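Each residue of the sequence shown is one higher than the one before, starting from 1 at the first, in full-length UniProt numbering. Note that beta-carbon positions come from the ideal geometry of N, C-alpha and C, so glycine has one too. Values in this document were obtained by computation on a predicted structure and should not be read as measured data.
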Amino acid sequence: MLQEALREIKRGTAEIIDSQNIEKLLQAYFDEGKTYTVKAGFDPTAPDLHLGHTVLLQKLAIFQKYGAKIQFLIGDFTAQIGDPSGKNITRKTLSKTEVLENAKSYKEQVFKILDSSKTEVVFNSEWINLLGASGMLTLTTTFNVARMLERDDFDKRYKSGTSISISEFIYPLLQGYDSVHLESDIEIGGTDQKFNLLMGRHLQRAYEIGKEQSVLMMPILEGLDGVQKMSKSLNNYIGVTDEPNDMFGKVLSISDELMWRYYELLSTKTLDEIQKLKEGVENGSLHPKTVKENLALEITARFHSVDLAKAAKDEFDKVHSNNQIPSEIDEYTSDEEIWIAKALVDCKLSPSTSQARRDIKQGAVKINQEKINDEQLQLGSGEYILQVGKRKFAKLKVN
């Protein structure tokens, strides 16, 4: 049982520091039923999570399966500073109101994955506000500027003469102090958080709390393009709050190669089950599309329901396999003749007329299920079903 637990915990990880401690904690759980704590911090800098964020949540759920009490830390204090990790400029600070509103949204979303009975939601303002000036000064004496500048993003900014605020130096100290206050046994985070995660170990030593947390780092999940990290700003993301049809369709749009990475990092299937799926694809007994559909069903059901996931699949098959129009599409009107590129923008199918023209040139635009190639086309009086690519539809009525 111990080896099975270790295998699942190590699954998909980028790096583990002090894995021996994790093994001891698991052994104590199996032998004595003794629980342990796993901390993960989230700065509520945006109201919605995407699947990239849930890589950590999936790992937390695995730890819960093997005896962990999760410390789900919402960095309501630190979010007002802004995590400098990977940033080449000082981040814009958030107001307390923005932070709390985003935190509320986070709490609603995470329990679609985590067991609430084994999760403690904590806000770091509860103890950081109590530090006071004296406590904050004591905290700053635990680390020196030279060591702080060893951090890659700070080093690059310092050498290039780019501004670094003192508050950004304070950020990793505060994140590390969270581990001191919570006396965490393990902390997990993305590979971009390594400096901050190790700070927790350093400060637990400095404050002599009697333990040093293990650190487990997960890779950054690639977005739909399979190249850059999943990000809303890059528009290559699958949002936790996406509608079922959109979520299902987006998962199906990933490449066959990327599918296996999503299985490893997001699926609840065991490694043995995933290996059997791979073997089935390799020997031809399973079609990759079927395997990908099952992944899309699993993910959509997790954030919605089994019935809505099945309905999303039926709708997808209807539109893409049978070339039919979706059951529900947004409707728009125009009171006068309209240029096709502007129509695509007004119907929210293209972000700009220049992109709309490119879509037309590339053969990605259909009107009433017929491809068009005239980027100067004017739409007169009538009703039109506009389509861009495989998944974007709108109905336009020109009066």
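Three-state secondary structure assigned by DSSP to Ser117: Counted from its first residue, the sequence shown places residue 117 at position 117. Ser117 carries a helical assignment under DSSP once its states are collapsed to helix, strand and coil.
Segment limits, alpha helix (DSSP H) that includes Tyr29: As a first step, residue 29 is located in the sequence shown; it is residue number 29 there, counting from the start. Start and end: 19 to 32.
Neighbour-count burial assignment, Asn88, 16 or more Cβ in a 10 Å radius: In the sequence shown, counting from the first residue as 1, residue 88 sits at position 88. Legend: pLDDT at Asn88 = 46, less than 50; position of this residue unreliable, value from coordinates given subsequently. Classification for Asn88: exposed.
Buried versus exposed, by CB contacts within 10 Å (16 or more), Ile166: For this step, residue 166 is matched to residue 166 along the sequence shown. So Ile166 counts as exposed.
Span separating the alpha-carbon of Ala309 from that of Leu266: To locate residue 309, count along the sequence shown from 1; it is residue 309. To locate residue 266, count along the sequence shown from 1; it is residue 266. Separation of Ala309 and Leu266 (C-alpha to C-alpha, rounded to the nearest whole angstrom) is 16 Å.
Assumed close pair Leu25, Ala61 - CB separation to whole angstroms, cut-off 8 Å: For the purposes of this step, residue 25 is taken as the residue at position 25 of the sequence shown. For the purposes of this step, residue 61 is taken as the residue at position 61 of the sequence shown. 17 Å between Cβ atoms; not a contact.
Chain C contact for Leu131 (CB, 9 Å cutoff): The chain labelled as chain C is not found in the depicted structure, where only one protein chain is given.
DSSP state of Gly161 mapped onto helix, strand, coil: Residue numbering aside, residue 161 sits at position 161 when the sequence shown is read from its first letter. Residue state, collapsed to three classes: coil.
CA-to-CA distance, Ala394 to Ile254, given in whole angstroms: Position 254 of the sequence shown, counted from the start, is the residue given in the question as residue 254. Position 394 of the sequence shown, counted from the start, is the residue given in the question as residue 394. For Ile254 and Ala394, the gap between their C-alpha atoms comes out near 23 Å.
Contact under 9 Å by Cβ, Glu331 with Lys397: Indexing the sequence shown from 1 puts residue 331 at position 331. Indexing the sequence shown from 1 puts residue 397 at position 397. Their beta carbons are under 9 Å apart, which means Glu331 touches Lys397 by this criterion.
Bounding residues of the alpha helix (DSSP H) (the contiguous stretch that carries Phe303): Working through the sequence shown from its first residue, we reach residue 303 at position 303. Residues 288 to 303.
Contact between the region 221 to 231 and the region 280 to 297 (3+ Cβ pairs under 8 Å): Contact between the region 221 to 231 and the region 280 to 297 is absent: fewer than three C-beta pairs spanning the two stretches fall below 8 Å.
Rounded distance between the beta-carbons of Thr54 and Asn102, thought under 8 Å: In the sequence shown, counting from the first residue as 1, residue 102 sits at position 102. In the sequence shown, counting from the first residue as 1, residue 54 sits at position 54. No, Asn102 and Thr54 are not in contact; Cβ-Cβ is about 16 Å, not under 8 Å.
Meets three-Cβ-pair contact criterion under 8 Å: the region 63 to 82 and the region 34 to 51: Touching, per the Cβ criterion.
Spatial neighbours of His320 in its chain, beta-carbon cut-off 7 Å, leaving aside the 5 residues before and after: Walking along the sequence shown from the start, residue 320 turns up at place 320. Non-local beta-carbon contacts of His320 in its own chain, meaning distances under 7 Å to residues more than five positions away in sequence, involve Lys390 in chain order.
Lys104 burial status per 10 Å Cβ neighbour count (16 or more: buried): As a working mapping, residue 104 is identified with position 104 in the sequence shown. With fewer than 16 other Cβ atoms from the protein chains shown falling within 10 Å of its own Cβ, Lys104 counts as exposed.
Whether Asp359 touches Leu377 by CB criterion (9 Å): By one-based count along the sequence shown, residue 359 stands at place 359. By one-based count along the sequence shown, residue 377 stands at place 377. Result no, Cβ atoms of Asp359 and Leu377 do not sit closer than 9 Å.
Exposed unless 16 or more other CB atoms sit within 10 angstroms - verdict on Ala14: Your numbering for residue 14 matches position 14 in the sequence shown. Of the other Cβ atoms in all chains shown, fewer than 16 fall within 10 Å of the Cβ of Ala14; this residue is therefore exposed.
Proximity winner among Tyr177, Glu168, Val122, relative to Thr142 (alpha-carbon distances): Locating residue 142 in the sequence shown gives position 142, counting from the first residue. That would be Tyr177, whose Cα lies nearest to the Cα of Thr142.
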